[in-house]
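Notes to accompany the following structure.
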Amino acid sequence: MADRPAQRRRPSSAAPPVDPPDRLPAIADALRVAARRFRTPVYLIDEAAVAAAAEELRAAFPDPWIRQYSLKANDVGAVVALVTGPGHGLGANVVSRGEWAIARRAGVPNPRITFEGVGKTDADLAAAVGSAADGDPIGWLAIESSDEAAVLVAQATRAELGRGGRRPLDVLFRLNPDVAPETHAGLAVGRGGSKFGMTETELSAAVEMVVTAGVGLRPRGVQVHVGSQLGAVDAWRDAVRRGLAVLGLIRGGVPAFDTLDVGGGFAVPPIGEAGPRPARFAREIPRLLEAIPADRRPGRFAIEPGRFVVARSGWLVGRVLHVRDRGGRQVVLDTGMTELIRPALYGGRHPIVALTSRGRPVGPEASDVSSPDADVAVVHGPICESTDELDEHRLPPLRRGDLVAIRDAGAYAASLSSTYNGRPRPPQVIRTIDGRLVLVRRRGAVAGLG
Ligand SMILES: Cc1ncc(COP(=O)(O)O)c(C=O)c1O
0 MADRPAQRRR PSSAAPPVDP PDRLPAIADA LRVAARRFRT PVYLIDEAAV
50 AAAAEELRAA FPDPWIRQYS LKANDVGAVV ALVTGPGHGL GANVVSRGEW
100 AIARRAGVPN PRITFEGVGK TDADLAAAVG SAADGDPIGW LAIESSDEAA
150 VLVAQATRAE LGRGGRRPLD VLFRLNPDVA PETHAGLAVG RGGSKFGMTE
200 TELSAAVEMV VTAGVGLRPR GVQVHVGSQL GAVDAWRDAV RRGLAVLGLI
250 RGGVPAFDTL DVGGGFAVPP IGEAGPRPAR FAREIPRLLE AIPADRRPGR
300 FAIEPGRFVV ARSGWLVGRV LHVRDRGGRQ VVLDTGMTEL IRPALYGGRH
350 PIVALTSRGR PVGPEASDVS SPDADVAVVH GPICESTDEL DEHRLPPLRR
400 GDLVAIRDAG AYAASLSSTY NGRPRPPQVI RTIDGRLVLV RRRGAVAGLG
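Quick look at the structure:
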């Protein structure tokens, strides 16, 4: 289910079984230890959960699917290294030279890096061209408009790409699929009026421009991305169908135009809620391909998920600052929108559980509907904005100093954090599969603010 606009919601009283199993019982101790050792707020990434997500993606979209992790979801260097490391079969999908540099430092070679995004500057495009000119091209560059195509052609001409033994640069063309994504408006990028991608006519003209220029840019296919946290497969299916149709048309005249990148968007609904898993999306592909003549089908397919890889693995641990009666229990934490802006930005929902109650460690059942002690509390962050609210949650008795954990904080949390209100960014800890807590990014320093 997609995130909903911010509004107060009653905690669900009937949580259906969850697949895969909840990791909280396995890591609650680690969360308490991390809070004591590194203070709060602190982000923790659970390596076992990353491995499980990567494995689920591989099972749904097995080789030779190209699986690219979108760094925007979590760009902490050590997390990128973990995700793209040996065993998971994930390359890196970046949207800026900054993310590209993070991916390189994490050990990802250029051929496993793809570059896309609506915000690319001339310098970004030149860097992509430069990678080919230097004989080490990135996997591909996905362009958004004929403006980008024109700049790219000029740069490739200057760099004499494809001449004198220089390598060509593969280029994908982003299609605006004009669909109605089943997600929050703030996460729906595939709508016709959105700023993302080209219409079919614009896309064909951009391909034509690149083909005619003949300057070592190799039009290689179509990229399409519907939106994030997709609550159903229908818009995605429509978008893939459109991508296949456009690709098939162009492939007739440009045989190398063989790649369909179907984007990311696989949802991580709040634990206990149902939603389509990656395999459900993958199941749509064979039927869509049947409608395309065999010689017009893509030769390569790619996905570029971010959230699904890291969201569930991430925890944000904070402490209680205030407990008040405001016609109901009000709890204010020492962490909020500076560390996790999703609730304030577009109503992102993140279940919260207590790790201690009145100073004593408690298990997940303490925050459960079945617990006689748990009661509803409206939880707020510490920031001087009234939108810094984290929704209603069932929580046991709490007092100042008690620890809570915010779930699903591995995606679009650390990468979207800010130092607003003079708050240094929190430390990042990885809990390894063998149970060690490794500090991979220190807390920011007060001296570094301002
Ligand atoms: C073009 C593109 N690809 C991939 C992603 C990753 O999406 P998600 O994290 O939902 O998988 C995004 C997210 O904004 C995107 O814009």
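According to numbering that gives the first Met the number 0, the sequence shown holds residues 0 to 449 in order. For each residue, glycine too, the CB sits at the ideal point set by N, CA and C.
Rank the options by C-alpha distance to the C-alpha of residue i and give the top, closest one.
{"i": "Glu143", "options": "Arg306, Asp367, Ala205", "result": "Ala205"}
{"i": "Ile340", "options": "Ile405, Ile284, Arg325", "result": "Ile405"}
{"i": "Leu70", "options": "Ala412, Arg424, Ala179", "result": "Ala412"}
{"i": "Asn175", "options": "Val152, Thr200, Gly185, Arg157", "result": "Thr200"}
{"i": "Ile382", "options": "Arg348, Arg357, Thr418", "result": "Thr418"}
{"i": "Pro356", "options": "Ser95, Gly347, Gly86, Ala373", "result": "Looking at the sequence itself, residue 356 is Ser, so the reference to Pro does not match. Minimum Cα distance to Ser356 is reached at Ala373."}
{"i": "Glu391", "options": "Ile270, Leu332, Arg399, Val375", "result": "Val375"}
{"i": "Gly106", "options": "Pro275, Asp146, Val78", "result": "Val78"}
{"i": "Gly220", "options": "Val245, Arg325, Ala184, Gly335", "result": "Val245"}
{"i": "Gly358", "options": "Leu43, Arg157, Pro396", "result": "Pro396"}
{"i": "Gly271", "options": "Asp177, Ala47, Pro350, Arg104", "result": "Pro350"}
{"i": "Leu229", "options": "Ile112, Glu147, Gly347, Ala25", "result": "Gly347"}
{"i": "Arg441", "options": "Leu332, Ala33, Ala126, Val403", "result": "Ala33"}
{"i": "Pro360", "options": "Gly335, Arg398, Ala343", "result": "Arg398"}
{"i": "Ala25", "options": "Ala444, Glu388, Gly362", "result": "Gly362"}
{"i": "Gln222", "options": "Asp324, Phe300, Trp64", "result": "Phe300"}
{"i": "Thr113", "options": "Phe307, Ala125, Met197, Val94", "result": "Val94"}
{"i": "Leu243", "options": "Val253, Gly185, Asp257, Asp233", "result": "Asp257"}
{"i": "Arg157", "options": "Gly138, Arg295, Leu124, Asp146", "result": "Leu124"}
{"i": "Phe265", "options": "Trp99, Ala410, Gly86", "result": "Ala410"}
{"i": "Leu43", "options": "Arg57, Val403, Leu332", "result": "Val403"}
{"i": "Gly326", "options": "Thr334, Ala444, Val377", "result": "Val377"}
{"i": "Leu259", "options": "Leu248, Pro269, Val267, Pro268", "result": "Leu248"}
Exposed or buried, residue i, counting other C-beta atoms within 10 Å across all chains shown (16 or more means buried)?
{"i": "Thr337", "result": "buried"}
{"i": "Leu448", "result": "exposed"}
{"i": "Arg422", "result": "buried"}
{"i": "Ala273", "result": "exposed"}
{"i": "Thr211", "result": "exposed"}
{"i": "Pro40", "result": "buried"}
{"i": "Ser312", "result": "buried"}
{"i": "Gly251", "result": "exposed"}
{"i": "Thr120", "result": "exposed"}
{"i": "Leu23", "result": "buried"}
{"i": "Pro425", "result": "buried"}
{"i": "Glu159", "result": "exposed"}
{"i": "Ala13", "result": "Its pLDDT being 41, under 50, Ala13 is placed unreliably by the model, and the measurement read from it follows with that caveat. Result: exposed."}
{"i": "Glu289", "result": "exposed"}
{"i": "Pro304", "result": "buried"}
{"i": "Ser385", "result": "exposed"}
{"i": "Arg241", "result": "buried"}
{"i": "Pro20", "result": "exposed"}
{"i": "Gly118", "result": "exposed"}
{"i": "Val330", "result": "buried"}
{"i": "Arg108", "result": "Correcting the residue type first, residue 108 is Pro in the shown sequence and not Arg. With fewer than 16 other Cβ atoms within 10 Å, it is exposed."}
{"i": "Ala59", "result": "buried"}
{"i": "Ala122", "result": "exposed"}
{"i": "Pro285", "result": "exposed"}
{"i": "Val261", "result": "buried"}
{"i": "Arg393", "result": "buried"}
{"i": "Gly434", "result": "exposed"}
{"i": "Gly293", "result": "Inspection of the sequence shows that residue 293 is occupied by Ala rather than by Gly. So Ala293 ends up on the exposed side."}
{"i": "Arg306", "result": "buried"}
{"i": "Val445", "result": "exposed"}
Quick one: measure Cβ to Cβ for residue i and residue j, integer angstroms, because I've assumed they're closer than 8 angstroms.
{"i": "Gly215", "j": "Arg165", "result": "6 angstroms"}
{"i": "Arg217", "j": "Pro297", "result": "Contact flag wrong, Cβ pair sits at about 15 angstroms."}
{"i": "Ala353", "j": "Ser369", "result": "Incorrect: roughly 14 angstroms between the Cβ atoms, too far for contact."}
{"i": "Leu30", "j": "Trp314", "result": "6 angstroms"}
{"i": "Asp237", "j": "Val178", "result": "5 angstroms"}
{"i": "Leu140", "j": "Phe172", "result": "Actually they do not touch by this definition, with Cβ atoms about 10 angstroms apart."}
{"i": "Val170", "j": "Val209", "result": "6 angstroms"}
{"i": "Gly138", "j": "Arg111", "result": "6 angstroms"}
{"i": "Val225", "j": "Glu283", "result": "Their Cβ separation, rounded to whole angstroms, is 12 angstroms, which puts Val225 and Glu283 out of contact at 8 angstroms."}
{"i": "Arg36", "j": "Leu332", "result": "Not a contact, Cβ separation roughly 19 angstroms."}
{"i": "Val439", "j": "Val152", "result": "The pair is not a contact, with the Cβ atoms about 41 angstroms apart (cut-off 8 angstroms)."}
Establish whether the CB of residue i and some CB of chain D are separated by less than 9 angstroms.
{"i": "Arg311", "result": "Note that chain D does not occur in the displayed structure, where there is just one protein chain."}
(message) Under 8 angstroms: do the segment 312 to 322 and the segment 271 to 290 share three or more Cβ pairs, one atom per stretch?
(response) no
(request) Would you check if the segment 186 to 199 and the segment 130 to 139 touch, i.e. whether three or more CB-CB distances between them fall below 8 angstroms? (result) no
(message) Beta-carbon distances below 5 angstroms to any heavy atom of ligand 1 define the shell here; list its residues in chain order, please.
(response) Ser69, Ala72, His224, Ser227, Gly262, Gly263, Gly264, Glu303, Pro304, Gly305, Arg306
(message) Contact between the segment 50 to 68 and the segment 79 to 88 is defined here as three or more beta-carbon pairs at a separation below 8 angstroms; is this criterion met?
(response) yes
(request) Report yes or no: do three or more beta-carbon pairs, one from the segment 60 to 74 and one from the segment 430 to 444, lie closer than 8 angstroms? (result) no
(request) Please confirm if the segment 87 to 97 is in contact with the segment 57 to 68, defined as three or more CB-CB distances below 8 angstroms between the two stretches. (result) yes
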